[in-house]
Every structure is written in structure tokens, then in C-alpha cells.
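**Q** Please find one structure pasted underneath; my questions will follow.
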Amino acid sequence: MNSNEWFFHSECTEVHVASAGHAIQNCQGSTSAKRRNFHSWVRGSINDVLIPIESYHLFDPFGHRIKHRTRSDYERIPAIVELCIQAGVDLPGYPSRRRTNPIRMLGKKIIDRGGFLEEPKSSHPRDSSVLLDYDTHDALLRFPPPEPSALHRVAQETMDAYETVSTGVKKLMDKYSVKACGYCPEVHVGPWGHDAKLCGEFKHQWRDGKHGWQDAIVDEVFPPNYVWHVRDPRGPPLRSALRRFYGKAPAVVEVCMQAGAQVPEKYKPMMRLDIVLPDSEEAHLVA
Ligand SMILES: [Zn+2]
Ligand SMILES: [Zn+2]
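For what it's worth, our numbering labels the leading residue of the sequence shown as 3, then goes sequentially.
Put into C-alpha cells, the structure is as follows:
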């Protein structure tokens, strides 16, 4: 998307899609008081637009629970890829136990999982290049930026793909269990969490570093990462005084719209496309 730029602020989670950062004073970063809550912008990367969420790949999500000491036996892959594997996608080198008999459960207790099966050892080392196609950060380096003439088409294809993925993840999560830590961004695809003691968030000492697992919501697995909607990416920066007139959109939707894609109806109300912005003469009156 060479006609767009995105910016993020390393001290907080704010991301902005425009030719310059915005001037809304809502920074909560640790040194924000010094800047009167203005953000201090640097150039962002694809990871600020599509936040990478990874989880452990499991041969059998109903098998042995991952322990802290066994965690390095498991590879971290994008959580959505893991969800698709468990739902039936065969990815070379990432085998998944396919059951012919259903697991029998009584409440939360497993009565019959069909025994424990060891993961088949492949004769050659796992080829992680099969995951390259799903690595958004490296994809940006592998593919040249689109020609200006192709920009609209790429933007629309990206917007459509985003809708396909977000509705697909929602459907899969209705059927396959995904857990998320209530304290940090860790996600686990499977019927229960894992025991790797890597949680560094709020009061983790009390939990011995264990994550606090609960059922995940779609936004934790595929974060929308809301940003301000910018009507004129080359215009004056958004300002605090007009904040209540601005809308928001998922970062990908905002990037694609600025590059010429049609926005699905469902995002239009939150983007506040119909709200009339006061011009600069009137702006001080509403402040
Ligand atoms: Zn900030
Ligand atoms: Zn955690």
C-alpha cells in the first residue's frame, strides 16, 4: 500500500493510518505527561495493522497438557492457522490427530479420548517454510509493493479476504474451543489452556506465572485493532477538539478504504461517515 502510511506509538498501543500521526491527546504511555498526552509517532509496520497472535501447534488438542518444562517441544504458529489445522486443514509437517470416534465427555471430564497417541515423527525435519505464506511480516518483504494501477484491486481483495477470515474465525470458534488469558494476550487453541508459566501480567506472582484461562472471544484471536477513521489522509491531523466527530474502524478496513476499497455496510456506522465535520472556523466553537 504505497499510497498509505501508518504510524504507531511504541509507548502505547495507538496506531494511526495517514500521512502523519494525529494530534489527539489521548496517550497513556509512561512518559505521556511530558508530552501533554500527545503521542510520539514512529513509522509502523504490518504488525501494527495485523497484530500477530501465535499459539502452540498440537498434534492432539485433547492429548497431554503442555507443561512448563515440555513447552519447547511444541512449535508456535499463527493461532488462526492452528485453528484451521484442528478444524481439518492438512498442512505438511503439522500433523493433526483425526478421530474417527467422537470424544466422550461427562461435563468437563473426558471419559474416552481413544487413548493417547504419539505424534508421528516425520523422516525429515519440519519444514517451517510452509508457514511462510501465512507470515504477513515476511510477505511484505517477499512481494514488491503493488503498481499504482493495481492498488484499488489489491485493496478490494484485501478487504474481501479480511471479511472471509473474520467470519470464518467466528464460525470455527463456535465449534472449536479457544482459550485466552484474562491478563495477557496469550491464546491457546484447544479445550483447556497450557501450563507454560510465562504470564508476566497483573499479579502473575500470585499465579506462579500461570495464565488465567477463560473462553476466548473472536477479537482476541483476530484483533480488529481499531484506529481512527481519517477522511483526508493528507489533510490536517485529527485533533482532540473534534474527537467526538471522528469514527473508528479496524486497522485493515481503514488501510483498504484509504487505498480505494468499498467498505462493508457493517463498518459504516462506527466510521461515522455521515457526520459533518465542523470546518476550522467553527472548530473552536465546539471545543
Ligand atoms: Zn502514545
Ligand atoms: Zn497470561
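C-beta atoms are modelled at their ideal positions from N, C-alpha and C, and glycine is treated no differently. No experiment lies behind these values; they were computed from the predicted model shown.
Quick one: Cα of P80 to Cα of Y136, how far?
**A** Translated into positions along the sequence shown, residue 80 becomes position 78. Translated into positions along the sequence shown, residue 136 becomes position 134. Straight-line Cα distance between these residues: approximately 8 Å.
**Q** Given 8 Å as the limit, is there contact between the segment 188-196 and the segment 58-74, that is, 3 or more CB pairs closer than that?
**A** The segment 188-196, when compared against the segment 58-74, does touch it at the 8 Å Cβ threshold.
**Q** How about H41 and E77: do their beta carbons lie closer than 8 Å?
**A** Here residue 41 refers to the residue found at position 39 when the sequence shown is read from its first residue. Here residue 77 refers to the residue found at position 75 when the sequence shown is read from its first residue. No, the Cβ-Cβ distance between H41 and E77 is not below 8 Å.
**Q** For ligand 2, any of its heavy atoms closer than 7 Å to the Cβ of G214?
**A** The residue given as residue 214 occupies position 212 in the sequence shown. Yes, ligand 2 has a heavy atom inside 7 Å of this Cβ.
**Q** Does the beta-carbon of Y56, which I'm using as the reference point, lie nearer than 7 Å to any heavy atom of ligand 2?
**A** Mapped onto the sequence shown, residue 56 falls at position 54. Inspection of the sequence shows that residue 56 is occupied by Glu rather than by Tyr. Answer for E56: no, Cβ out of range of ligand 2.
**Q** Candidates N39, P266, K111: which alpha carbon is nearest A163's?
**A** Counting from 1 along the sequence shown, the entry for residue 163 is found at position 161. Per the Cα distances, P266.
**Q** For W208, name the three-state secondary structure that DSSP assigns.
**A** Against the sequence shown, residue 208 aligns to sequence position 206. It is helical.
**Q** Assign V278 to one of three DSSP states: helix, strand, or coil.
**A** For the purposes of this step, residue 278 is taken as the residue at position 276 of the sequence shown. V278 falls in the coil class under three-state DSSP.
**Q** Could you check whether the Cβ of Y76 sits closer than 7 Å to any heavy atom belonging to ligand 2?
**A** To locate residue 76, count along the sequence shown from 1; it is residue 74. Incorrect: Y76 has no Cβ contact closer than 7 Å to ligand 2.
**Q** Tell me whether I55 sits in a helix, a strand or coil according to DSSP, three-state version.
**A** Stepping through the sequence shown from its first residue, residue 55 is reached at position 53. The answer is coil: DSSP assigns I55 none of H, G, I, E or B.
**Q** Note down, in chain order, each residue of its chain lying with its Cβ closer than 8 Å to the Cβ of S32, except the 5 sequence neighbours on either side.
**A** Counting from one through the sequence shown, the residue named residue 32 turns up at place 30. Once the five neighbours on either side are set aside, the close Cβ partners of S32 are E13.
**Q** Residues in its own chain within less than 8 Å of G116 by CB, not counting five upstream and five downstream?
**A** By one-based count along the sequence shown, residue 116 stands at place 114. Answer for G116: R101, N103, I105, listed in chain order.
**Q** Can you give me the C-alpha to C-alpha distance between D234 and F9, rounded to a whole angstrom?
**A** Looking up residue 234 in the sequence shown gives position 232. Looking up residue 9 in the sequence shown gives position 7. Spanning the two alpha carbons is a distance of roughly 15 Å.
**Q** Looking at G202 and K181, is the spacing between their C-beta atoms short of 8 Å?
**A** Locating residue 181 in the sequence shown gives position 179, where the first residue counts as 1. Locating residue 202 in the sequence shown gives position 200, where the first residue counts as 1. No, Cβ-Cβ distance for K181 and G202 is not below 8 Å.
**Q** Looking at the structure shown, is R114 part of a helix, part of a strand, or coil, going by DSSP?
**A** Sequence index remark: in the sequence shown, residue 114 carries index 112 (1-based). Reading off the sequence shown, one finds Asp at residue 114, where the question assumed Arg. In the structure shown, D114 sits in a strand (DSSP, three-state: E or B).
**Q** Quick one: is Q207 buried, meaning 16 or more other Cβ sit within 10 Å of its Cβ, or exposed?
**A** By 1-based counting over the sequence shown, the position of residue 207 is 205. It counts as exposed.
**Q** Can you tell me whether L108 is buried or exposed, with buried defined as 16 or more other CB within 10 angstroms of its CB?
**A** The residue you call residue 108 lines up with position 106 of the sequence shown. Flag for L108 reads exposed.
**Q** Considering only residues of the same chain and omitting the five flanking positions on each side of N39, which have a CB-CB separation below 7 Å?
**A** Counting from 1 along the sequence shown, the entry for residue 39 is found at position 37. Answer for N39: Q27, N28, C29, listed in chain order.
**Q** Count the other CB atoms, across all protein chains shown, that sit within 10 Å of the CB of M3; report buried if there are 16 or more and exposed otherwise.
**A** Taking the first residue of the sequence shown as position 1, residue 3 is located at position 1. Confidence in M3 is poor, its pLDDT being 44 and thus under 50, which makes the residue's placement unreliable; the coordinate value appears in the next sentence. It is buried - the Cβ of M3 has at least 16 other Cβ atoms within 10 Å.
**Q** Three or more C-beta pairs closer than 8 Å, one from the segment 268-276 and one from the segment 168-176: is that the case here?
**A** Verdict: no, contact absent.
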